[in-house]
Amino acid sequence: MLSQEEKINFLRMTEFFKTVEEDHLTQFVRLMDEVRYTPNDVVLRKGEQGDAMFFIVAGTVSVLKQGIRALDLGAGDCIGEMALLDNDPRSATIVAVTPVVTLRRRRDDFDELLNSTPVMKGMYRILVQKIRTDLETYVESVRAQEQVKQDLRRAREIQEAMLPQSDLSVGSIYITGVCRPADSIGGDYYDHMVLDENRIGVFIGDAAGHGFHSGLIGAMIKSGLFTQIEVNADVLAVMSTVNRIVHRHGPDWSFFTACFIIFDLSKKTLRYSNAGH
């Protein structure tokens, strides 16, 4: 347990009390009790009526807003004071991340302190409102970022599904591949396919740049590639189709590098076309 002197020395280092006179600080500490928490303990729960404020002496807690870990707080930080000042329910849940030691001051004692200095009470109310607004803005920003990340993950999953899901082995030919884009989504694309009983096709391509636009160009190429192969799998015909897709349907700044190869097992020949930007 902390001694009264240790409590006073700790509080004097916090923003709340660094300018408070010695006798007032001693009186304030006398009514504070020490409360300890273990990891994952709920210190404050959103929606509950605030009946106390806490000063973190040691350890780390997380502030959870709408299921999002908004921020972490540690030694010297104060929690729970907002609900005491504006009489609203707790606006967030706070959970211990590590073993935590706190000093707790209950509502009645806190009100007595603020009522003794009305100007301070008014200033604190304004400050609390600003903190609440800033925190809500921060949470919305985090939620928006999480949505973007989720969209990128889904787009990446779709892009990975466009690639061959297994290796290809026909006669003496064995084809395997792996794609590791520099960004979460990119314009890298490869594929292999059996054209007929004697021929195997391999396509490798890369759209300029990174991100959604490059990935979409890759998706257009895949669609056009297999449509053309169904009609005519000749190297020249396939590459001409790829070129038309990029030229007609891609933005002016879009470019695509591609190589299409046909292995003919009966003739033991290889035909290919390589084109780039």
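Here this note's numbering is used: the sequence shown runs in plain steps of one and ends on residue 415.
Ideal Cβ positions, reconstructed from N, Cα and C, are used throughout, including at glycine.
In this text the structure is predicted, and so the values were computed from the model without any measurement.
For residue 331, the secondary structure class from DSSP, reduced to helix, strand or coil, is strand.
Between residue 217 and residue 182, the C-beta gap is smaller than 8 Å, which places the two residues in contact. The C-beta distance from residue 369 to residue 411 rounds to 17 Å, too long to meet the 8 Å contact threshold. Between the segment 186-200 and the segment 231-246 there are three or more C-beta pairs closer than 8 Å, enough to call the two in contact. Taking C-beta atoms as the reference points, residue 393 and residue 346 count as a pair closer than 8 Å. For residue 236, the closest of 384, 174, 344 by C-alpha to C-alpha distance is 174.
For residue 191, the uninterrupted beta strand (DSSP E) run begins and ends at 190-196, by DSSP.
Beta-bridge analysis with DSSP links residue 187 to 227. A straight-line Cα-Cα distance of about 35 Å links residue 343 and residue 280. Going by DSSP, residue 381 is part of the alpha helix (DSSP H) stretching over 373-387. Shown here, residue 215 sits in coil according to DSSP, grouped into three states, outside any helix or strand.
Between the beta-carbon of residue 234 and that of residue 277 there is about 20 Å, and that puts the pair past the 8 Å contact cut. A direct Cα-Cα distance of roughly 48 Å separates residue 208 from residue 340. In this structure, residue 205 lies away from residue 151, with their beta-carbon atoms at least 8 Å apart. According to the DSSP secondary-structure assignment, residue 238 is paired through a beta bridge with 175.
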